[in-house]
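Worksheet: one structure, shown below.
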Amino acid sequence: MLRAAGIGHGDEVIVPAYGNAEVAEAVVLAGAMPVFADIEQSTFCLDADAVAAAMTARTAAVIVVHRFGNQADVGRMRDVGRRHGVLVLEQGELDAPYDELAQRRAHAAYLSGRLSGVVTPDGGAAHSYQQYVVRVPGNGRPDRDAFARAVRAKGVDCRVPVKIPVHRMPEFRRDVALPETERAADETLALPVDASLSRRDLQRVVSACNALGGLLQPAF
């Protein structure tokens, strides 16, 4: 899409650093320079204000990535794009069959209504819960990683969705302040929400997490 739009050498493309490196790699393959902007706390998607602040005379495009089933505010992002005369592209996620989507949403509602000690997703009607991502409060990554190990020891599968933000990877390292991106990488944990889970599976997730959550205190 970048090449088809004539974007290449000398151009800058604003992308999120919270996620995998594929989007930044695509920008480089097109001959352009990836520029990283911060994300929204609630959606983990690019923040429109941060994108506007990252604009320069060389900015040619913005790539908006929908994350974990959260929908980025594409309408607001397109408003920013029109004001600055840049292209806004989207990278979406594969849609699940309706029955699977409904089951994931039901599982997410069950978890959100019963989990304590973690910050549950700020879900909405459009959230498809490709992943059920919580925040583990405390003092950052050490607490989150200890929490994850303890939950796994109780037989609950979980994983860190983004271990290293792209702007901290050696090949894309930038000296840029992205506080929400850094905080999300330190605090987030994906818990199981697959449509195939049973009620007993979900109860195990709640029990394992709630037994640990009270041990962690938010950092001030």
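Last residue of the sequence shown? That's 374 in this note's numbering, and every number before it is there in order.
Every residue gets a Cβ at the ideal spot worked out from N, C-alpha and C, and that includes glycine.
- Taking 4 residues as the minimum length, the alpha helix (DSSP H) runs contained wholly in the region 177 to 259 are 202 to 208, 228 to 238, in order along the chain.
- Taking a contact as a CB-CB distance under 8 Å, the pair Thr342 and Val287 counts as one, their CB atoms being some 5 Å apart.
- With fewer than 16 other Cβ atoms inside 10 Å of its own Cβ, Glu325 counts as exposed.
- Between Val219 and Gly173 the beta-carbon gap is near 6 Å, inside 8 Å, which marks them as a contact.
- Rounded to the nearest angstrom, the gap between the Cα atoms of Val177 and Leu156 is 11 Å.
- When the Cα atoms are used, His261 and Arg354 turn out to be separated by approximately 11 Å.
- At the C-beta level, Ile193 and Glu334 come within 8 Å of one another.
- Taking every protein chain shown into account, the CB of Ala184 has 16 or more other CB atoms within 10 angstroms, so this residue is buried.
- Taking a C-beta distance under 8 Å as the contact criterion, Ala191 and Pro170 qualify as a contact pair.
- Pairing Ala214 with Asp253, the inter-Cα distance amounts to about 40 Å.
- Taking the C-beta atoms as reference points, Val216 is found no nearer than 8 Å to Ala186.
- Scanning its chain for C-beta atoms nearer than 8 Å, with the 5 sequence neighbours on each side dropped, one finds around Leu265 the residues Thr274, Tyr286, Leu345, Val347, Leu356, Val359, Val360, in chain order.
- Taking the Cβ atoms as the reference, Gln225 lies roughly 5 Å from Ala280, within the contact range of under 8 Å.
- Sequence-distant partners of Asp311 (beyond 5 residues in either direction) whose C-beta falls short of 6 Å from its own C-beta, in its chain, are Pro346.
- Nearest to Ser352 by C-alpha distance, out of Pro188, Ala208, Arg258, Gln284, is Arg258.
- Secondary structure at Val347: coil, using DSSP grouped into helix, strand and coil.
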